Ligand SMILES: [Zn+2]
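Residue numbers (this note's numbering): 63 to 191.
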């Protein structure tokens with residue numbers, strides 16, 4: 063009886079990450095019930111979806127700003143103008159560095175290059191991405 067009791071109290075240390083209830087049963091059991099396991103996994107998926115959606119929204123916003131400003135596929139604008147439209151320089155889809163060391167940041171096929179005095183060159187990439 064003594065050995066059984068010790069074994070039980072060890073298992074009681076494990077708690078369900080969803081509801082905090084003690085987990086009774088097999089040692090590899092991670093949740094107290096199927097309901098809690100499903101709820102926990104749904105919450106994780108939802109958080110991931112929110113994160114992806116938020117990043118996608120920022121990328122789309124940046125893309126639309128570049129598209130709106132860059133009507134002739136090549137133009138110059140200012141940092142102030144980009145910021146005023148809500149452009150976020152932290153979000154882009156790819157970087158292209160030329161042989162001469164110029165760094166173009168791209169939102170899909172719309173790109174920008176930082177120039178002197180807070181000016182930006184806006185370009186459009188041709189062909190397949
Ligand atoms: Zn639970």
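For glycine and all other residues, C-beta sits at the position ideal for the given N, C-alpha and C.
All values reported here derive from a predicted model rather than from experimental measurement.
Spatial distance of residue i from residue j (CA atoms)
i           : j           : result
residue 173 : residue 113 : 24 Å
residue 118 : residue 175 : 22 Å
residue 128 : residue 107 : 32 Å
residue 177 : residue 163 : 13 Å
residue 120 : residue 168 : 13 Å
residue 92  : residue 111 : 24 Å
residue 135 : residue 109 : 37 Å
residue 82  : residue 115 : 30 Å
residue 102 : residue 180 : 47 Å
residue 141 : residue 155 : 19 Å
residue 153 : residue 188 : 21 Å
Any non-hydrogen atom of ligand 1 closer than 6 Å to residue i Cβ
i           : result
residue 129 : no
residue 188 : no
residue 80  : yes
residue 83  : yes
Nearest candidate by alpha-carbon position, reference residue i, set the options
i           : options             : result
residue 157 : 165, 76 and 187     : 165
residue 105 : 80, 89 and 93       : 80
residue 147 : 154, 153 and 124    : 124
residue 126 : 94, 139, 90 and 149 : 149
residue 182 : 160, 170 and 143    : 143
Same chain only: Cβ atoms within 7 Å of residue i, ignoring 5 sequence neighbours per side
i           : result
residue 132 : 172, 184 and 186
Exposed unless 16 or more other CB atoms sit within 10 angstroms - verdict on residue i
i           : result
residue 145 : exposed
residue 139 : buried
Cβ shell of residue i (< 6 Å), same chain only, five flanking positions each side left out
i          : result
residue 85 : 76, 78, 91 and 94
residue 98 : 78, 80 and 81
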